[in-house]
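Colleague: One structure follows; several queries about it will come next.
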Amino acid sequence: MASSSTLSRRIARLEAALAVTQLVGHYARGADRRNDPAIMAPLFSRDATWEARGFGSYQGRDVIAKELARIGAEQIVWTLHYMVAPLVEINDDLCTGTCRWYLWELAQVRQGDARNAPPAAHWIGGWYESQVVFEDGQWRFAHVLLDLQLMHRHDADWRPIGLVAQ
């Protein structure tokens, strides 16, 4: 039989894992609102890092929120994020952990510097790897890495990123 101390830690770990899973859901919600900084900023720790090949690396909650909003206004102007199969691991300290999940996204993407051209429908796929931290009474992202594996127009042949034509 588990002691009450062990049971309390197990419950705390389950509650933390649920909170981190909800953090991923709030991230998707903010992303689907053109990276709304009012939704996105509170999801990150004060000194967080966000990075994705082709989109940059940003440090600090306010900078991340500002740059993600810029991407939502200028490049990826409409999205529908499916955050799939989050794997949450809470560390023994119950204040830090990791979360990994798959991304499947439908998007409207502007091509290059063509600000006046209409955006084109794209499929986007990959996965996220993140570190999370319990800060100021809530779980937040300390580091987010988006590893894109696919970003193609819906009417083009699918060629995962890095795949060399034979």
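Per this note's numbering, residue 114 is the first one in the sequence shown, and the count goes up by one each step.
In this text, a Cβ means the ideal position worked out from N, Cα and C, and glycines have one as well.
Any idea what DSSP makes of A220, helix, strand or coil?
Modeller: The count along the sequence shown starts at 1 and reaches residue 220 at position 107. A220 falls in the strand class under three-state DSSP.
Colleague: For the beta strand (DSSP E) containing D160, name the first residue and the last one.
Modeller: Position 47 of the sequence shown holds residue 160. Looking at the DSSP string, the run of the beta strand (DSSP E) that includes D160 is F157 to A165.
Colleague: Taking the DSSP output, what are the residues bridged to T209?
Modeller: The count along the sequence shown starts at 1 and reaches residue 209 at position 96. Partner(s): V246.
Colleague: What residue range is occupied by the uninterrupted beta strand (DSSP E) comprising P199?
Modeller: Position 86 of the sequence shown holds residue 199. That run of the beta strand (DSSP E) goes I189 to I203.
Colleague: Report, in whole angstroms, the separation of the C-beta atoms of T192 and L216, which I expect to be a contact under 8 Å.
Modeller: Position 79 of the sequence shown, counting from 1, holds the residue named residue 192. Position 103 of the sequence shown, counting from 1, holds the residue named residue 216. Not quite, the Cβ-Cβ distance comes to about 10 Å (not below 8 Å), so this is no contact.
Colleague: Do three or more CB pairs link the stretch 143–152 to the stretch 256–265 at distances below 8 Å?
Modeller: No: the two stretches stay apart, fewer than three of their Cβ pairs being nearer than 8 Å.
Colleague: Indicate the three-state DSSP secondary structure (helix, strand or coil) for L127 in the structure shown.
Modeller: By one-based count along the sequence shown, residue 127 stands at place 14. In the structure shown, L127 sits in a helix (DSSP, three-state: H, G or I).
Colleague: When you compare only the Cα positions, how much space is there between I184 and V190?
Modeller: Counting from one through the sequence shown, the residue named residue 184 turns up at place 71. Counting from one through the sequence shown, the residue named residue 190 turns up at place 77. Approximately 8 Å between the Cα atoms of the pair.
Colleague: Just verifying my parser: in three-state terms, what is the DSSP assignment at H265?
Modeller: Sequence index remark: in the sequence shown, residue 265 carries index 152 (1-based). Strand, per DSSP.
Colleague: Have a look at A278 and D249 and give me their C-alpha separation to the nearest angstrom.
Modeller: Looking up residue 278 in the sequence shown gives position 165. Looking up residue 249 in the sequence shown gives position 136. Because A278 carries a pLDDT of 49, less than 50, the predicted location of this residue cannot be relied on, and the following value inherits that uncertainty. Approximately 49 Å between the Cα atoms of the pair.
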